[in-house]
Structures are given as structure tokens and as C-alpha cells.
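When we follow the working numbering, the leftmost residue of the sequence shown carries the number 33, and every step to the right adds one.
C-beta atoms are modelled at their ideal positions from N, C-alpha and C, and glycine is treated no differently.
Just so it is clear, the structure is predicted and the values come from calculations on it, not from any experiment.
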Amino acid sequence: MGGRPAGALAEEFGTPLVAYCERTVLAAAHAYLGAAPGALVLYGVKAFPNVALLQLLAGEGLGADVSTLGELEYALRAGVPGERLVVHGNNKSDDEVRAAVEAGVHFVVLDALDEVERAAAAGVERVLVRVTPGIEADTHPAIRTAHHGSKFGLPPDQALEAIAAARNAGLEVAGLHLHIGSQLLDTQAARTSVDWLGGFAAECSQELGWAPAVVDLGGGLGIEYAEGDHAPAIADFVTTLLQRLEQAWTLHGLTRPQVILEPGRSLVGRAGVTLYRVGVVKRASETTTYVAIDGGMSDNPRPQLYGARYSALLANRADEEATSSYTVCGKHCESGDVLIESVSLPEPRRGDLLAVPGTGAYTLGMGSNYNAVPRPAAVLVADGQARLIRRRESIDDVLRHEETSG
Ligand code: LLP
33 MGGRPAGALA EEFGTPLVAY CERTVLAAAH AYLGAAPGAL VLYGVKAFPN VALLQLLAGE
93 GLGADVSTLG ELEYALRAGV PGERLVVHGN NKSDDEVRAA VEAGVHFVVL DALDEVERAA
153 AAGVERVLVR VTPGIEADTH PAIRTAHHGS KFGLPPDQAL EAIAAARNAG LEVAGLHLHI
213 GSQLLDTQAA RTSVDWLGGF AAECSQELGW APAVVDLGGG LGIEYAEGDH APAIADFVTT
273 LLQRLEQAWT LHGLTRPQVI LEPGRSLVGR AGVTLYRVGV VKRASETTTY VAIDGGMSDN
333 PRPQLYGARY SALLANRADE EATSSYTVCG KHCESGDVLI ESVSLPEPRR GDLLAVPGTG
393 AYTLGMGSNY NAVPRPAAVL VADGQARLIR RRESIDDVLR HEETSG
């Protein structure tokens with residue numbers, strides 16, 4: 033990992049540990065910037081809110097897409113300038129809207145009709161309107177966002193209403209936002225939605241005499257987690273969308289808008305590898321042998337939430353042949369705490385180091401303290417040097433919010 037053996041990282045920082053390869057993060061960022069020159073590329077902070085990663089990305093010219101007060105604070109502490117911040121959220125609080133104004137964010141993305149007045153009253157200047165085209169992206173239902181009936185954005189007729197109302201309220205409506213879902217493994221739905229957006233922009237132009245100067249296409253590109261997954265390369269995904277945009281806008285005789293992209297997972301997902309220490313190895317039945325690790329659903333709840341699949345290897349014996357299939361389970365008090373249903377490994381032993389790749393996005397950021405387990409540390413590794421970017425929680429951290437009478 034970034035020039036450091038996994039075993040040395042585990043020794044120095046303990047386990048579980050999420051190790052990020054800096055070069056992999058940078059390569060993903062450069063792929064976006066290279067494929068979309070002139071576009072504003074924003075890191076979807078929810079994938080892993082982390083000040084050091086945000087600083088790294090901001091240093092390359094990226095901004096941040098934030099959806100809560102907390103995410104905004106991460107971006108501000110990382111020094112991301114206001115003109116590279118976009119604020120989302122399907123239920124923004126007044127505090128969130130005010131904080132966005134104070135931070136001088138580039139755009140607040142209107143997600144509901146009632147936000148028009150609230151944004152204007154809070155002093156918001158520039159907005160985008162999030163529109164929901166009614167397109168079903170081919171991904172897990174929990175992470176689809178542009179289907180008919182989605183809680184996000186506005187159906188087309190209401191989006192038109194919001195644009196008109198916002199302009200009447202004195203807001204500068206710079207453009208439209210669209211995010212159709214996450215962990216997309218092909219370009220099909222994304223292409224369809226860009227085509228649709230061109231048609232909708234034309235409708236806006238006819239009905240309101242207004243066309244979007246900015247189009248924010250959201251994030252969504254998936255990564256390969258396990259064998260059999262095939263994800264488009266960043267450059268291919270982005271190029272396809274931009275070509276489609278060009279075609280759609282030309283078809284409707286509209287001026288090509290400035291583009292914003294908001295990748296989360298595809299920027300940091302592949303760069304992260306979680307290192308766990310193997311504990312109990314238990315043959316539970318003729319067909320199932322459990323390999324228990326020192327973490328589980330508290331540091332990665334994705335298998336439980338989305339049926340997510342991962343692969344793994346024994347980092348300290350990576351060159352040994354796999355001998356059998358094992359089920360990797362966590363240390364939490366429920367049977368559903370299974371990280372990997374089936375993975376081929378050399379016979380695991382207590383003390384082995386299990387490495388699970390592709391855990392850089394939506395793992396630690398979605399972690400919990402279930403069973404009063406402290407959350408793991410994270411490090412950023414480059415050129416043989418590892419830097420702590422998130423301290424391991426202590427038991428005292430977990431107990432910090434307790435109130436007792438004694
Ligand atoms: N923009 C908006 C408005 C979003 O809602 C999201 C993600 C992104 C950008 C970044 O999407 P990405 O490039 O990461 O797909 N917890 C789920 C994923 C939830 C995604 C939420 N929105 C998971 O673990 O799969």
C-alpha cells in the first residue's frame with residue numbers, strides 16, 4: 033500500500049485500519065479533471081468526510097459537495113473555498129441554509145418548493161434546481177435517486193415552478209442539478225438522463241425564457257468490489273456524458289452550459305483498503321467455516337444495507353494458494369454481521385491480516401459504535417510514508433456523551 037507493507041501499517045497503527053493510497057486518490061481526481069476540462073469537480077464528502085482527504089483534493093483544484101452542516105464544516109476546515117462549494121440536502125435546516133450563506137458557497141441546490149422562500153429570506157444568492165426525471169438507474173433501490181416518487185429533487189412540473197418562483201424571489205437561478213443514483217456500473221441510465229435533461233432545458237427555455245447556464249450532473253460512477261464487477265473507467269464515463277450533453281444541447285439549439293460533477297465513491301473508494309486481524313476461525317457446519325475479524329458492521333455496514341459484496345486476501349500470506357472458501361464475519365452480536373459470504377483464502381489462522389479492498393467510500397463515514405466498539409483509524413499512504421488522517425476512537429470517546437448522576 034503506497035510503498036508500505038500492510039503488515040507494517042497494521043503494526044504501527046493497529047487494526048482495523050482503513051489505509052488510503054494517496055496515488056490512487058490523485059489518479060482518480062486527475063482522471064476527472066482530464067476528462068472534463070473546464071468543469072468544476074466536487075468531491076461528494078459523504079463518501080468519507082475527512083479533512084486531510086479534502087485538503088488533498090482541494091490542492092488539485094477540486095471542490096466539495098456537502099449536504100449537512102457537519103459536511104460543510106469538514107470542507108471549511110480543509111480550506112475549500114466558497115466558490116468551490118455546493119450545498120445539497122432534501123431537508124435543509126435554517127441553520128444549514130444560513131451557514132451556506134456565511135460560507136459564501138457557490139450554489140445552494142433547491143430540493144423543494146418551500147426552499148425558494150427560505151433561501152431568499154436567508155440571503156442565498158445563487159441556486160441550482162434539482163430535477164427528478166423519473167429514470168430508474170440500474171443499482172440497489174436504496175441508492176437510486178431519480179425515479180418517479182423519489183424523495184430527492186422536484187418532478188419536472190414542480191421544477192419549472194421552482195425556477196419561476198426563485199427568479200421572482202430575486203434569486204439567480206444558474207442552472208439544473210441531476211443525480212440519478214450511486215454505484216452505477218454502466219452509462220445507460222446516465223446517458224438517458226442527460227438526453228432527458230437537454231429536452232427539459234429546452235422546455236424551460238420555451239416556457240420560461242430561461243435556460244440553464246450550469247448543469248450539475250451529480251456523481252454516481254461505481255467501482256469494482258468483487259470478481260465479476262465491471263465498472264467503466266472514469267475517463268470513459270465522463271467523456272460519454274459530456275459528448276451526450278453536447279449532442280443534446282446542440283439538438284435543442286441551446287448554449288453549452290458550464291458542467292459540475294460530484295463524484296464520491298469513484299474518487300476514494302478504490303483507494304481504501306481495510307486491514308483486519310483474524311481471530312477465531314470456526315468450522316460451524318459442513319459447508320461454513322467462519323473467519324472472525326476484529327471489526328465488522330460497525331466499520332462497514334454496506335453488506336447489511338445493500339447486500340454489498342467484497343473480496344479479501346490474507347495480506348501476510350498473499351502468495352499462498354487459496355485452499356478453501358470461508359465466510360468472513362465480524363465481532364458484533366448478530367448473525368447478520370457477515371462482511372463476505374464466501375471468499376477463497378489459504379487456511380486462515382489467528383493473527384493473520386485480512387485485507388479487504390475497495391473500502392474507501394461509505395464505510396467509515398457510515399460506521400457506528402454498535403456494541404460500544406470504537407471506530408477504526410484511517411491513514412493516508414504515499415511513497416512509503418503513512419500519515420494518520422483519522423485517529424482511532426478510544427473507549428473513552430465512545431463513552432463521552434454519557435450523563436451520570438454520580
Ligand atoms: N451528489 C449527490 C447529490 C449525491 O447524493 C451523491 C451520493 C453524490 C453526489 C456522490 O455519489 P457517488 O459518486 O459516491 O455515487 N451509502 C451508499 C451511497 C449513497 C450515495 C448518496 N449520494 C453506498 O454505500 O453505496
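Can you look up Val270 in the DSSP assignment and give me helix, strand or coil?
Against the sequence shown, residue 270 aligns to sequence position 238. In this structure, Val270 counts as helix in the three-state DSSP scheme.
For Ile421 and Glu373, what's the separation of their Cα atoms in angstroms?
Sequence index remark: in the sequence shown, residue 421 carries index 389 (1-based). Sequence index remark: in the sequence shown, residue 373 carries index 341 (1-based). About 30 angstroms.
Please tell me whether, using a cut-off of 7 angstroms, the distance from the CB of Arg21 to the nearest non-hydrogen atom of the ligand LLP is below it.
Residue 21 is absent from the model: the chain starts at 33 and stops at 438.
Is DSSP giving Cys236 helix, strand or coil here?
Locating residue 236 in the sequence shown gives position 204, where the first residue counts as 1. If DSSP states are grouped into helix, strand and coil, Cys236 belongs with the helices.
Under 7 angstroms from any heavy atom of the ligand LLP, does the C-beta of Lys124 make it?
Here residue 124 corresponds to residue number 92 of the sequence shown, with the count starting at 1. Not so, every heavy atom of the ligand LLP lies at least 7 angstroms from the Cβ.
Could you give the uninterrupted runs of the alpha helix (DSSP H) lying entirely in the stretch 95-149, keeping only those of 4 residues or more?
101-109 and 126-134
Candidates Glu44, Val388 and Gly438: which alpha carbon is nearest Ser376's?
The residue you call residue 376 lines up with position 344 of the sequence shown. Selected option, being the one with the closest Cα: Val388.
Return the CA-CA distance between Ala234 and Gly327, expressed in angstroms with no decimal places.
The residue you call residue 234 lines up with position 202 of the sequence shown. The residue you call residue 327 lines up with position 295 of the sequence shown. Rounded to whole angstroms, Ala234 to Gly327 spans 51 angstroms at the Cα level.
Do you know how far the Cα of Leu86 is from the Cα of Pro406?
As a first step, residue 406 is located in the sequence shown; it is residue number 374 there, counting from the start. As a first step, residue 86 is located in the sequence shown; it is residue number 54 there, counting from the start. Approximately 23 angstroms between the Cα atoms of the pair.
DSSP-derived helix/strand/coil call for Ala22
There is simply no residue 22 to check, as the chain begins at 33 and stops at 438 in what is shown.
Assuming Ala68 contacts Leu216 under a Cβ cut-off of 8 angstroms, what Cβ separation, rounded to an integer in Å, is found between them?
The residue you call residue 68 lines up with position 36 of the sequence shown. The residue you call residue 216 lines up with position 184 of the sequence shown. Contact flag wrong, Cβ pair sits at about 17 angstroms.
Let me know the secondary structure DSSP gives Gln215 once reduced to three states.
Here residue 215 is taken as the residue at index 183 of the sequence shown, counted from 1. Correct three-state label for Gln215: coil.
Leaving out five residues before and five after Ala63 in sequence, what residues of the same chain have Cβ atoms less than 6 angstroms from its Cβ?
Counted from its first residue, the sequence shown places residue 63 at position 31. Excluding sequence neighbours, Ala63 sits near Ile266 and Ala267.
Asp261 versus Ala201 - alpha carbon distance
The residue labelled residue 261 in the question sits at position 229 within the sequence shown. The residue labelled residue 201 in the question sits at position 169 within the sequence shown. Distance between the alpha carbons of Asp261 and Ala201: 47 angstroms.
Secondary structure of Lys522, DSSP reduced to three states
Since the first residue of the chain shown is 33 and the last is 438, residue 522 is not available in this structure.
Can you find the residues in the same chain that come closer than 7 angstroms, C-beta to C-beta, to Thr171, ignoring five residues on each side of it along the sequence?
Within the sequence shown, numbered from 1, the residue matching residue 171 stands at position 139. Excluding positions up to five away in sequence, the list reads Gly213, Ser214, Gln215 and Leu216.
Between the stretch 411-418 and the stretch 338-349, can you find at least three pairs of beta-carbon atoms closer than 8 angstroms?
no
Leaving aside the five residues before and after Val440 along the sequence, list all residues of the same chain whose C-beta is less than 6 angstroms from its C-beta, in chain order.
What the structure shows of the chain is the stretch from 33 to 438, and residue 440 is not part of that stretch, so it cannot be assessed.
Decide if Cys53 is buried, meaning its Cβ has at least 16 other Cβ atoms within 10 Å, or exposed.
Position 21 of the sequence shown, counted from the start, is the residue given in the question as residue 53. Buried, because 16 or more other Cβ atoms sit within 10 Å of the Cβ of Cys53.
Going by C-alpha distance, which of Thr224, Tyr308, Asp351 and Gly392 is nearest Gly296?
On the sequence shown, residue 296 is found 264 positions in, with the first residue counted as 1. That would be Gly392, whose Cα lies nearest to the Cα of Gly296.
Just grab the DSSP bridge partners of Ala421 for me.
As a working mapping, residue 421 is identified with position 389 in the sequence shown. The sequence shown places Ile at residue 421, not Ala. Paired residues: none, contrary to the question.
Range of the contiguous beta strand (DSSP E) that encloses Val205
On the sequence shown, residue 205 is found 173 positions in, with the first residue counted as 1. Element bounds for Val205: Glu204 to His209.
Expressed to the nearest angstrom, what Euclidean distance is found between the alpha-carbon atoms of Ser437 and Val430?
Within the sequence shown, the letter at position 405 stands for residue 437. Within the sequence shown, the letter at position 398 stands for residue 430. Between Ser437 and Val430, the C-alpha separation is close to 18 angstroms.
Where do the ends of the beta strand (DSSP E) carrying Val411 lie?
Numbered from 1 along the sequence shown, position 379 holds the residue referred to as residue 411. First-last of the beta strand (DSSP E) with Val411: Ala409 to Ala414.
In the DSSP output, which residue or residues are listed as bridge partners for Ile325?
Position 293 of the sequence shown, counted from the start, is the residue given in the question as residue 325. Beta-bridge pairing links Ile325 to Val310.
Short check: CB of Ile195 to CB of His179, under 8 angstroms?
Translated into the one-based positions of the sequence shown, residue 195 becomes position 163. Translated into the one-based positions of the sequence shown, residue 179 becomes position 147. It is not a contact, given that the beta carbons lie outside the stated cut-off.
Within the present structure, is the beta-carbon of Leu253 separated from the nearest heavy atom of the ligand LLP by less than 7 angstroms?
As a working mapping, residue 253 is identified with position 221 in the sequence shown. True, at least one ligand heavy atom lies under 7 angstroms from that Cβ.
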